[in-house]
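What follows is a short report on a single structure.
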Amino acid sequence: MYNLTNQTIIDVKGGSITKKHNYDKVILVGTYLYKDSGYVENVNIVVNEQDGSVITTKIPYSGYDLELFFRRF
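Next comes the structure, spelled out in structure tokens:
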């Protein structure tokens, strides 16, 4: 499990992510480089599944204006 202290919620979306017909909440969290900066680093995606389990994944990205995007393919 990753240490999510000092991280800020960047974006939140909900949808069927892990299983069909399941409503999961997906949270993008990260650390702002400076207090007034828009640059985010140490980014993690946290999936709160409908059954209560939590999946946390560190992603190798940082940058400005990060957001989640869901699309059915």
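Using our numbering, read the sequence shown as starting at 41 and increasing by one per residue.
Cβ atoms here follow ideal geometry from the backbone N, Cα and C, with glycine treated the same way.
With H, G and I counted as helix, E and B as strand and the rest as coil, what does DSSP make of Leu68?
strand
CB of Gly103 within 8 Å of CB of Val69, strictly
no
By the three-class DSSP mapping on this structure, what secondary structure does Asp51 have?
strand
For Asp105 and Gly78, the rounded distance between their alpha carbons:
7 Å
Residue of Pro100, Tyr72, Lys60 and Val52 minimising C-alpha distance to Val87:
Val52
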